[in-house]
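S.K.:
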Amino acid sequence: MTAVNIALTPRRIDPSVDHEIHGIVSGSLQGETCNTDLVEAPWLFDTVPGYGPGASEGDVIPTGAPRQGELPREYREATEAELDARIIAAKQTLGERVVVLGHFYQREEVVRHADYVGDSFQLANAAKARTDAEAIVFCGVHF
12 MTAVNIALTP RRIDPSVDHE IHGIVSGSLQ GETCNTDLVE APWLFDTVPG YGPGASEGDV
72 IPTGAPRQGE LPREYREATE AELDARIIAA KQTLGERVVV LGHFYQREEV VRHADYVGDS
132 FQLANAAKAR TDAEAIVFCG VHF
């Protein structure tokens, strides 16, 4: 019997929860999601009187609570690739003048651009250590 050398190419795993949820809801991937509304753009949830899917939907945001302002159309309508390219270009232009902090619970599309990833306390310490930064971009989450 002759031995055959087989080279296996590992399957690329997409770390994006957003991509997986879209695949599940569209039927192109097997799996479940707790709420099909999770396919909506994240900025849409600031227009409704709740915290958004995946949160405790019985909790209503108190009247007068601060809300995210509307994002400019160019950002809402940009593709993921366009946003990615803009972030990369901005970070290259700003260099050490900016530090980007990404919370563990943020989306992969966000934390891939972070200089530091951690919980809130770890990110606060990372920011404290970057005294040279003129700007801090905190990609956090609300609880």
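Under my numbering, the first residue of the sequence shown carries the number 12, and numbering increases by one thereafter. Backbone N, C-alpha and C fix where the C-beta goes; we use that ideal spot for every residue, glycine too.
Using DSSP with H/G/I as helix, E/B as strand and the rest coil, what is residue 92?
M.R.: As a working mapping, residue 92 is identified with position 81 in the sequence shown. Residue 92: helix per DSSP, three-state reduction.
S.K.: To the nearest angstrom, report how far apart residue 135 and residue 108 are at their CA atoms.
M.R.: Here residue 135 is taken as the residue at index 124 of the sequence shown, counted from 1. Here residue 108 is taken as the residue at index 97 of the sequence shown, counted from 1. Cα to Cα, the separation comes out at about 17 Å.
S.K.: Do you know how far the Cα of residue 27 is from the Cα of residue 106?
M.R.: Here residue 106 refers to the residue found at position 95 when the sequence shown is read from its first residue. Here residue 27 refers to the residue found at position 16 when the sequence shown is read from its first residue. Taking the straight line joining both Cα atoms gives about 26 Å.
S.K.: At what residues does the alpha helix (DSSP H) containing residue 124 begin and finish?
M.R.: To locate residue 124, count along the sequence shown from 1; it is residue 113. No alpha helix (DSSP H) contains residue 124, which DSSP labels as neither H nor E.
S.K.: Residue 45: which of 151, 140, 98, 31 sits nearest, CA to CA?
M.R.: In the sequence shown, counting from the first residue as 1, residue 45 sits at position 34. Residue 31 is the option with its Cα nearest to residue 45.
S.K.: Just checking my contact of residue 127 with residue 152 at CB under 8 Å: how many whole Å lie between their CB atoms?
M.R.: Reading the sequence shown from its first residue, position 116 is the one you call residue 127. Reading the sequence shown from its first residue, position 141 is the one you call residue 152. Contact doesn't hold; Cβ gap of about 15 Å is too wide.
S.K.: Taking just the CA atoms, how far does residue 38 sit from residue 110?
M.R.: As a first step, residue 110 must be located in the sequence shown, where it is residue number 99. As a first step, residue 38 must be located in the sequence shown, where it is residue number 27. Whole-angstrom Cα-Cα distance: 38 Å.
S.K.: Using only the alpha-carbon positions, how far apart do residue 130 and residue 139 sit?
M.R.: Start at 1 with the first residue of the sequence shown, and residue 130 comes out as number 119. Start at 1 with the first residue of the sequence shown, and residue 139 comes out as number 128. Distance between the alpha carbons of residue 130 and residue 139 is about 14 Å.
S.K.: Opposite residue 150 in the DSSP bridges: which residues?
M.R.: The residue labelled residue 150 in the question sits at position 139 within the sequence shown. DSSP lists 113 as partners of residue 150.
S.K.: How many Å lie between residue 141 and residue 94 at the Cα?
M.R.: Working through the sequence shown from its first residue, we reach residue 141 at position 130. Working through the sequence shown from its first residue, we reach residue 94 at position 83. Going by the C-alpha atoms only, they are around 25 Å apart.
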